[in-house]
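Okay, structure first, notes after.
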DNA sequence: TCGTTTTGTCAAGTATATTTTACATATTTC
DNA sequence: GAAATATGTAAAATATACTTGACAAAACGA
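If you want it as structure tokens, here you go:
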């Protein structure tokens, strides 16, 4: 399912997908795919995304109803 | 680096690596490698591990000094 | 001390995360 | 209306997560 928390956190920083991708050293498509959902990124990438957006893993990637 | 928080949480539940692996539907070697460190599991596996051990992502996979 | 369980590790294979290139669409700005 | 920016998506290639099978050593109880 879509990761709307990530999309919102990125919007709050006013980053484009490409800017966030550069900060995390991955491609824009990878960020797009993660936001779109039905994707399974590695924990290191998730951590890099969290650091770039000043969030924690629980805030962006933990879903109670999962 | 080693994931000692994971090792401790598994010990607290008195699970062997193999028992935890079965709960997460992965091989024992995968759990061993994650505890040993220098490994980069997927977020879905991390979430499965957290659920099996009644922990959250931040508790097992978030390191402030990282 | 013996048998069992647990863990570490390695090598070869398979599944899949991620990249690269590319094209299409929507939005904004001049 | 044209140019620039942001996003969605797809196919082929590459990197790497994960499996399987196997062996050895440590730990632990009977």
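Residue numbers (the numbering used here), protein chains in the order written: chain A, 912 to 977; chain B, 912 to 977. Backbone N, C-alpha and C fix where the C-beta goes; we use that ideal spot for every residue, glycine too.
With respect to the C-alpha of residue 926/B, the residue from 942/B, 975/B and 913/B having the closest C-alpha is 942/B. Distance between residue 954/B and residue 967/B, taken at the CA atoms: about 12 Å.
When the beta-carbon positions are compared, residue 939/B and residue 929/B come within less than 8 Å of each other. Out of 912/B, 913/B and 931/B, the CA that lies nearest to the CA of residue 965/B is found in 931/B. Interface with chain A (8 Å Cβ-Cβ cutoff): residue 955/B is included. Neighbours of residue 951/B in chain A, taken as residues whose beta carbon is under 9 Å from its own, are 953, 954, 955 and 956 in chain order.
Taking a C-beta distance under 8 Å as the contact criterion, residue 917/B and residue 935/B do not qualify as a contact pair. Under a criterion of Cβ atoms nearer than 7 Å, the residues of chain A adjacent to residue 967/B are, in order, 969 and 973. Here residue 914/A is buried. Its C-beta has 16 or more other C-beta atoms within 10 Å.
In this structure residue 944/A is in contact with residue 950/A, their Cβ atoms being roughly 4 Å apart against a cut-off of 8 Å.
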